[in-house]
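Residues in the sequence shown are numbered from 72 upward in steps of one, following the numbering used here.
A short worksheet on the structure shown next.
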Amino acid sequence: MPPLHRIARFDDLPAIVAIYNSTIASRQATADTEPISVESRHAWFAEHTPGRRPLWVIEAEGQVTGWLSYSNFYGRPAYSATAELSIYLHERARGKGLGRYFLEQAIAYAPQIGIHTLLGFIFGHNKPSLALFDAFGFERWATMPRVANLDGIERDLIILGKRVA
72 MPPLHRIARF
82 DDLPAIVAIY
92 NSTIASRQAT
102 ADTEPISVES
112 RHAWFAEHTP
122 GRRPLWVIEA
132 EGQVTGWLSY
142 SNFYGRPAYS
152 ATAELSIYLH
162 ERARGKGLGR
172 YFLEQAIAYA
182 PQIGIHTLLG
192 FIFGHNKPSL
202 ALFDAFGFER
212 WATMPRVANL
222 DGIERDLIIL
232 GKRVA
């Protein structure tokens, strides 16, 4: 049976934060270097409204195993039809096609919420995520060399983009 996503509920937030925090140590997926708290994500969660900037989760056996968010880009009205996508998966859920599923669904759904441009902000050393976005036709629109410092190692940020409408 193919995976199905649903709109995240507030009671999913602890699992969403736990998945996010589980990626910090790898220094691959986020510029956060210390775990975040559930409380620190309350405002972020509230910004993700289903009709404009959804936050989706996938469950397996009653547990949230991954999430995808559409987030505002740059916070100015002229950019309202552009959204940044973030995909985070529980360690047990990686390599099972859930990232592909999420990205396919996000691309298809974007025009329904007035999005014509999708972006991904991915570290240059995060080869799996770059390959995923490349497979869906995202283009490299910018390279920001050595803008992140992770444990004394300077890392590039790649901005990928795709017009979907």
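Ideal placement from N, C-alpha and C gives every residue a C-beta, glycine not left out.
If I follow the unbroken beta strand (DSSP E) through Ser140, where does it start and stop? 134 to 143
Mind checking whether Tyr141 and Ala154 have CB atoms under 8 Å apart? yes
For Ser200, count the other beta carbons within 10 Å of its own beta carbon; 16 or more makes it buried, fewer makes it exposed. Which is it? buried
Do Leu160 and Thr136 come within 8 Å of each other at the CB atom, strictly closer than that value? A contact, by the Cβ cut-off of 8 Å.
Are the beta-carbon atoms of Arg112 and Leu84 separated by less than 8 Å? yes
Taking the beta strand (DSSP E) that Gly232 belongs to, which residues open and close that run? 224 to 234
Beta carbon of Thr104, beta carbon of Leu221: below 8 Å? By the CB criterion at 8 Å, Thr104 and Leu221 fall inside the cutoff.
Excluding the 5 residues preceding and the 5 following Arg211 in the sequence, name in chain order all residues of the same chain whose CB lies nearer than 7 Å to its CB. Ile229, Leu231
Could you check where the beta strand (DSSP E) with Ser200 kicks off and where it finishes? Careful: Ser200 lies outside any beta strand (DSSP E), inside the alpha helix (DSSP H) at 198 to 206.
On the DSSP bridge assignment, give the partners of Arg77 in chain order. Val128
Backbone secondary structure at Val88 - three-state DSSP: helix
Assuming His76 contacts Ile129 under a Cβ cut-off of 8 Å, what Cβ separation, rounded to an integer in Å, is found between them? 5 Å
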